Every structure is written in structure tokens, then in C-alpha cells.
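Engineer: Quick one: this structure, given as C-alpha cells, is what I'll be asking you about.
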Amino acid sequence: TQLLEQSPQFLSIQEGENLTVYCNSSSVFSSLQWYRQEPGEGPVLLVTVVTGGEVKKLKRLTFQFGDARKDSSLHITAAQPGDTGLYLCAGEGDNDMRFGAGTRLTVKP
Amino acid sequence: DSGVTQTPKHLITATGQRVTLRCSPRSGDLSVYWYQQSLDQGLQFLIQYYNGEERAKGNILERFSAQQFPDLHSELNLSSLELGDSALYFCASSPGTSGSDEQFFGPGTRLTVL
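Here it is, written out as C-alpha cells:
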């Protein structure tokens with residue numbers, strides 16, 4: 001079973017702060033995705049990383065895929081209240097997509 | 001709006017009952033995925049269909065079944081419902097079968113079993 005562990009589970013910060021959330025596994029994934037989910041809605045894809053060591057930037061969000069393709073991180077610079085939501089990582093396994101339990105981020109104005 | 005529709009939005013039923021959740025994928029998408037999301041277990045992959053055929057199976061209980069029809073819409077059938085089946089059920093679709101394809105999620109069906 002390829003489990004994805006996300007940390008921290010909850011994170012509450014003030015507007016303007018920086019933060020990093022993590023997605024770790026003991027298994028190798030051929031690709032890994034980050035999704036953001038807002039209350040009452042389905043997850044929405046933010047990024048897909050495929051190559052070990054890959055770094056992708058999406059405005060204030062920076063995503064990194066570990067060299068061994070077992071872990072990933074999401075760094076948000078100068079967080080804003082609009083960043084509030086549940087951040088999920090998902091890895092492509094042998095026959096399915098595995099999701100982590102998510103990091104619930106709250107950014108206070 | 002992801003282009004994926006799910007009905008009903010809310011469903012309240014009793015233990016032991018059977019319900020059917022429906023999903024229409026985005027136009028042109030051939031893959032449909034079903035997920036269960038509960039507070040204590042996050043998003044759990046249940047099953048995937050591609051162009052009418054079962055493609056991958058996750059943590060789907062034997063009491064649950066699904067199918068994808070020729071028009072590509074899909075239904076998830078939940079039977080002998082238990083209190084623990086109360087959760088949000090999401091359907092997602094993607095163009096193909098690659099795990100790196102973006103999955104487009106519907107708004108979900110909230111199932112409450114009393």
C-alpha cells in the first residue's frame with residue numbers, strides 16, 4: 001500500500017506569513033499532484049510534478065518533487081486569506097491515485 | 001464549474017437502505033473516478049472506469065458497486081447502508097487513463113445515513 005502522509009494536518013497563520021506543507025511516502029510515485037479544496041466543493045488541481053527534483057512555481061506557490069520521487073513540498077509565500085483551504089497531495093500508484101489526508105490551512109487577515 | 005455534474009447534491013437515508021449516486025463527466029472525458037471523503041479518513045479512491053470498463057479498484061466495499069454506461073455517465077450504488085457510510089462522495093473525470101492527467105471533480109454528493 002502506497003500511503004501518502006501530509007503534515008501538518010492543520011495550520012493557522014496570519015496574512016503575509018510564509019509556510020511550507022509536506023507530502024511524504026515510503027514509496028516511489030511516477031507523478032504527484034497537488035489539489036486545493038474549498039468547503040462544499042471538489043478538489044481543484046494546482047500542479048502535477050513528474051521528474052525527481054522538479055520545481056514548479058504558480059504565482060506565490062512553489063512546488064517541489066523530491067529527488068527520489070517519494071515526497072513533495074508546497075511552499076506559499078506571503079499567504080493571503082484567499083489561500084485558505086484543504087491542500088491535498090495525490091500520487092500515481094500502480095493502479096490508482098492515492099490521496100493524502102490533507103493539510104487544512106487557515107490564513108487570518 | 002469543472003464541467004462534471006453529480007446528483008443528488010444531498011441524500012438522507014436510513015441504515016440498511018440502498019442508494020444510487022449519479023455522475024456525468026466532462027464532455028470528451030472517458031475516465032470516471034469515484035472517491036469517498038470523510039472527516040477522519042480524507043479522500044479515499046473507490047474505483048475508476050474508462051470507456052465503460054473497470055480500470056482500477058481501490059478501497060471499495062463489497063456492498064458498493066459502480067458502472068459506466070455507453071454515454072459515459074456513471075453510477076455508484078451503495079447498499080446495506082451503515083452509519084459509517086455517511087460521507088461526501090465525489091466523482092471526477094479525466095480524458096484518459098494516465099495518473100498524471102488532471103482530474104476534474106464534481107461538486108460531490110453528501111450522503112447522510114441515519
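Protein chains in written order, with our numbering: chain A, 1 to 109; chain B, 1 to 114.
Think of the CB as a built atom: it goes at the ideal place given N, C-alpha and C, for glycine as much as any other residue.
Since the structure is predicted, the reported quantities are computational estimates derived from the model, not experimental observations.
1. List the whole-angstrom C-beta distance separating Phe65 (chain A) from Leu74 (chain A), where the pair is believed to meet the contact cut-off of C-beta under 8 Å.
2. Excluding the five sequence neighbours on either side, which residues of its own chain have a C-beta within less than 7 Å of the C-beta of Gly102 (chain A), listed in chain order?
3. Need the endpoints of the beta strand (DSSP E) that Ala92 (chain B) sits in, please.
4. On a Cα-Cα basis, can you pick out the residue from B:Ile47, B:Arg22, B:Ser31 and B:Ser93 that is closest to Asn59 (chain B)?
5. Is Ala101 (chain A) close to chain B? Criterion is C-beta to C-beta, closer than 7 Å.
6. Answer with yes or no whether the minimum CB distance from Gly106 (chain B) to chain A is below 7 Å.
7. Report yes or no: do the stretch 75-86 of chain B and the stretch 8-22 of chain B share at least 3 C-beta pairs separated by less than 8 Å?
8. With 7 Å set as the bound, which would you pick, yes or no: does the beta-carbon of Asp96 (chain A) sit closer than that to a beta-carbon of chain B?
9. Determine the closest residue to Gly100 (chain A) out of A:Asn24, A:Lys57 and A:Asp83, with distance taken between C-alpha atoms.
10. Given a limit of 8 Å on CB to CB distance, which residues of the stretch 62-89 of chain B reach chain A?
11. Kindly list, in the order they appear in chain A, the residues whose Cβ is closer than 8 Å to that of Ser100 (chain B).
12. Any beta carbon from chain B within less than 7 Å of Gly66 (chain A)'s own beta carbon?
13. Taking 7 Å as the limit between beta carbons, can you name the residues of its chain near Phe90 (chain B), skipping five residues before and five after?
14. So Gln36 (chain B) contacts chain A; which residues on that side make the cut at Cβ distance below 9 Å?
15. List in chain order: all unbroken beta strand (DSSP E) runs of 3+ residues lying wholly within the stretch 12-79 of chain A.
16. Tell me the rounded alpha-carbon separation between Leu88 (chain B) and Gly53 (chain A).
17. According to DSSP, simplified to helix, strand and coil, what is Gly82 (chain A)?
18. With a threshold of 7 Å between beta-carbons, can Leu43 (chain B) be considered close to chain A, or not?
19. Under the assumption that Leu111 (chain B) contacts Leu11 (chain B) (Cβ atoms under 8 Å), give the Cβ distance between them as a whole number of angstroms.
20. Report the partner residues of Phe69 (chain B) according to the DSSP bridge assignment.
21. Going straight from the alpha carbon of Met97 (chain A) to that of Ala90 (chain A), what length do you get?
22. Runs of 3 residues minimum, wholly inside the stretch 27-84 of chain B: which ones carry the beta strand (DSSP E) assignment?
23. Bridge partners for Val4 (chain B) per DSSP, in chain order?
Structural biologist: In short, the structure shows the following:
1. Phe65 (chain A) to Leu74 (chain A), Cβ: 11 Å. No contact.
2. Only Gln6, Leu86, Tyr87 and Leu88 meet the Cβ criterion.
3. Ala87 to Ser94
4. Comparing Cα positions, the closest option is B:Ile47.
5. yes
6. yes
7. yes
8. Yes - at least one Cβ of chain B is within 7 Å of the one on Asp96 (chain A).
9. A:Asn24
10. none
11. Near Ser100 (chain B) (Cβ distances below 8 Å), the residues of chain A are Ser30, Ser31, Gln33, Thr48, Val50 and Glu92.
12. no
13. Tyr35, Gln37, Phe105, Gly106 and Gly108
14. Those within 9 Å of Gln36 (chain B) in chain A number zero; the least Cβ separation is about 11 Å.
15. 19-24, 32-37, 44-49, 55-58, 61-65 and 71-76
16. 34 Å
17. helix
18. yes
19. 5 Å
20. Bridge partners of Phe69 (chain B): none, in fact.
21. 6 Å
22. 31-38, 42-50, 53-57, 64-68 and 74-78
23. Answer by DSSP bridge pairing: none, since Val4 (chain B) is not bridged.
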